[in-house]
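Here is the structure we will look at.
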Amino acid sequence: MSDLISRKEFIKKSSGAVIAVGLAGGVSTIISGCSRPALDLLIKNGSIIDGTGKSEFPADIGIRDGKIVAIENYGILKDDNSLKIIDAKNLKVTPGFIDIHSHTDTGLFINPNAESKIRQGVTTEVAGQDGSSVAPRKNNSDDDDEYEVGNKSWSTFPEFFKLLEENKTAVNFVTFVGQGTLRGFVIGQDDRIATSEEIEQMKKLAMEAFDQGVFGISSGLEYTPGSFASTEEISELCKVMKNRGGIYVTHMRNEADTVLEAITEAIQIGKAAGVPVNISHLKLQGKANWNKIDQALALIEDANNNGYRITFDRYPYTAFSTGLSNLFPLWSRDGGRERFLERLQNKNDLIGIKKYVLDKVASLSSWDAVLIAGVKKENNKQFEGKTIQQITSESKEDPFEFTRKLLIDEKGSVSMCGFGMSEENTSRILAHPLCMVASDASARATYGKLSEGNPHPRSYGTFPRFLSRYVRQNNIVSLPEAIRKITSFPAETLGISNRGIIAKGKMADAVCFDYENIFDKSDYVNPHQYSQGVQYVVVNGELVIEKSEHTGKLTGQILRKS
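Right, here's the structure in full:
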């Protein structure tokens, strides 16, 4: 059994001798009856998986002032010289997990505990994904659709960071600036070519964002208004990162019938801008496209073999999650929400819209592959957790008509889960050496506002599911390699040098978990269930999860690109 022992229990047994441990790992003894303990936290008797991909090894870890100051053989770091002690016997001790594709941002104002993520072992959330970021913005009008953030107001990254630091959070926070956000700020929601002056405005805003600490530029090319940008426009925008160490991360223009062309475009943008690329949640959606896996991976591998850095991430599920409006054609969403809702009520527009939607649903298989995940109106809550096929079978309503009316009633804001990926491809993608693991989800909770709706289970289960189903059970990669995919690999991709590895001098983000008993509980019917097996989580040297329970400590930091 693992256990955490308070210092008071040891004071009764110990003398005044303490061990002073320096950053270089040197050890010396000083005599003092009341001196501060040499270590704030001692993790002892654990099996260390350091995040590099190397084999695990037995060691104790000493932490002081938020950093790892010692890694020694069992017993060298003494219990009575530590303020707190974790007995990690029979536990794996790893770096904190870095969720390279997260949607946890404004939700931290609602619940700073980041419950569903920290309980999985996530210590760093990487937000600003899919072309959408918290800044820059002109007002609060449409930015906070998913969560209301009260009277908090900001327009720039520094203003948002200040609010988040005042609010405090359990996890570290990283963000990209969204290409769609930049385009919307300069051009609005219209589908048109950007002028050279407008592109320069976007570049100027992007450079300001980098000066303020963002780590790269994200795009969501299936979402408006970012989808209205050409390859050339995005390439030109990304050139501002060339000498700044930034990365282009992209939800590609297509993940189904033209997925190969979309991968090619992502690579072209990286080449033209001279920056590394990370493809978000790589997938081949729709059964007709599953056999393109070899070609998709070959495109990425060939680019790397030719000197271009192209990586990707993926969640360990065969269903995706998005807005229900994403089933509708881009042209119907041109001009923003109000124009979209008008077109849903225009008989002439509906002819083309319906054909597109029916074709898209058919590519997934049927309406049974479309599950309603979240609505706002109380009268529509009955539909959450059900597929459109289930709902309309009971009501005898036409599935398209139901979808159209629901979107109008909810003013376009309905979330969905779509079942369209292959289990075999999911395993191949996750196992690939260029793949990191990500949730593509925001932190949720089993209580309060973040317990509403029927979210994709990845909010609660991504990392335990990857470690249990795909690593322990299916053995797609070794455990050390699996840990690398969720620690040092994303840290290296982002350019974060002081996290992602268990080593002296690194920041003390760490996870202690029971490998034989770690697993996810969340599913599509009952998603609000925390995962099991993570017993301790340390964020910047402080215990946030202790014996699988949240301590309430909010020791996360805003990480800024330097």
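In the working numbering, the protein residues as written are 10 to 571.
Heads up, the beta-carbon is just placed ideally off N, CA and C, and yes, glycines get one too.
**Message:** For Y365, report the span of its alpha helix (DSSP H) as first-last.
**Reply:** K356 to L373
**Item:** Outcome for A68 when other beta-carbon atoms lying within 10 angstroms are tallied against a minimum of 16
**Value:** buried
**Item:** Inter-residue CB distance, P464 and G394 (contact presumed, cutoff 8 Å)
**Value:** Wrong, their Cβ atoms sit about 10 Å apart, outside the cutoff.
**Request:** Answer with buried or exposed for G31, where buried requires no fewer than 16 other C-beta atoms within 10 angstroms of its C-beta.
**Result:** Only weak support is given to the placement of G31: the predicted model assigns it a pLDDT of 36, under 50, and the question is left unresolved by the model.
**Asked** Whose CA, out of L443, Q566, T204 and E264, lies closest to the CA of N335?
**Response** E264
**Ranges of the alpha helix (DSSP H) found wholly within the stretch 81 to 162, counting only runs of at least 4** = 116 to 119 and 124 to 127
**Item:** At least 3 beta-carbon pairs within less than 8 Å: the stretch 229 to 244 vs the stretch 173 to 186
**Value:** no
**Request:** Identify which residue in G222, D529 and G514 has its Cα closest to the Cα of A144.
**Result:** G222
**Asked** In three-state DSSP terms, what is L563?
**Response** coil
**Prompt:** What residue ranges within the stretch 151 to 238 form continuous beta strand (DSSP E) runs of no fewer than 3 residues, ordered along the chain?
**Reply:** 181 to 184 and 225 to 229
**Request:** May I ask which residues mark the beginning and end of the beta strand (DSSP E) holding G427?
**Result:** S424 to F428
**Asked** By the 10 Å Cβ neighbour count, where 16 or more other Cβ atoms means buried, how is D89 classified, buried or exposed?
**Response** buried
**Request:** Go ahead and pull the three-state DSSP assignment for I57.
**Result:** strand
**8 Å CB neighbourhood of D199 in its chain, flanking five on each side removed** = P234, F237, D343 and G344
**Request:** In angstroms with no decimal places, state the Cα-to-Cα distance between T115 and V158.
**Result:** 7 Å
**Message:** Whether or not the stretch 302 to 317 and the stretch 158 to 177 are in contact is what I'm after, with contact meaning three or more pairs of Cβ atoms, one per stretch, closer than 8 Å; do they touch?
**Reply:** no
**Message:** Determine whether the beta carbon atoms of P104 and G55 lie at a separation below 7 Å.
**Reply:** no
**Prompt:** By Cβ distance below 7 Å, which residues in the same chain neighbour N389 in space, the five residues on each side in sequence not counted?
**Reply:** L415, D418 and E419
**Message:** Less than 8 Å between C-beta atoms, sequence neighbours within five positions excluded: which residues of the same chain meet that for K212?
**Reply:** E245, L246, K248 and V249
**Item:** Contact belief for S540 with K556 at Cβ below 8 Å, rounded distance in angstroms
**Value:** Not a contact, Cβ separation roughly 15 Å.
**Asked** Which value, in whole angstroms, describes the spacing of the CA atoms of I495 and D108?
**Response** 7 Å
**Prompt:** By Cβ distance, which residues of its chain are closer than 7 Å to G193, with the 5 residues on each side in sequence left out?
**Reply:** P234
**Request:** With a 10 Å radius around its C-beta and 16 neighbouring C-beta atoms as the bar for buried, classify Q585 as buried or exposed.
**Result:** Here the chain covers residues 10 to 571 and nothing more, so residue 585 does not appear.
**Item:** Residues that K76 bridges to, as DSSP identifies them
**Value:** R73 and M516
**H112 versus A136 - alpha carbon distance** = 5 Å
**Buried versus exposed call for Y324 [16 or more other C-beta atoms within 10 Å across all chains shown]** = buried
**Request:** Just tell me which of G421, H537 and G62 has its CA closest to the CA of E347.
**Result:** G421
**Prompt:** Would Q7 pass as a contact of G429 if the rule is Cβ separation under 7 Å?
**Reply:** Limits of the chain in this structure are 10 at one end and 571 at the other, which puts residue 7 out of reach.
**Request:** Would you identify the three-state DSSP class for Q294, choosing helix, strand or coil?
**Result:** coil
**Message:** Report the CB separation of N300 from I256 in whole angstroms; it is logged as a contact under 8 Å.
**Reply:** Actually they are not in contact, since the Cβ atoms of N300 and I256 sit about 30 Å apart, beyond 8 Å.
**Item:** Exposure label - N526; buried when at least 16 CB within 10 Å
**Value:** exposed
**Asked** Quick one: any contact between the stretch 72 to 81 and the stretch 474 to 488, if contact means 3 or more CB pairs under 8 Å?
**Response** no
**Request:** Return yes when the Cβ of R478 is within less than 7 Å of the Cβ of S125, no when it is not.
**Result:** no
**Prompt:** Based on the DSSP secondary-structure assignment, which residues constitute the bridge partners of N287?
**Reply:** V258 and T320
**Message:** Going by the DSSP bridge assignment, what does C444 pair with across the sheet?
**Reply:** F321
**Asked** DSSP state of D532, grouped into three classes?
**Response** coil
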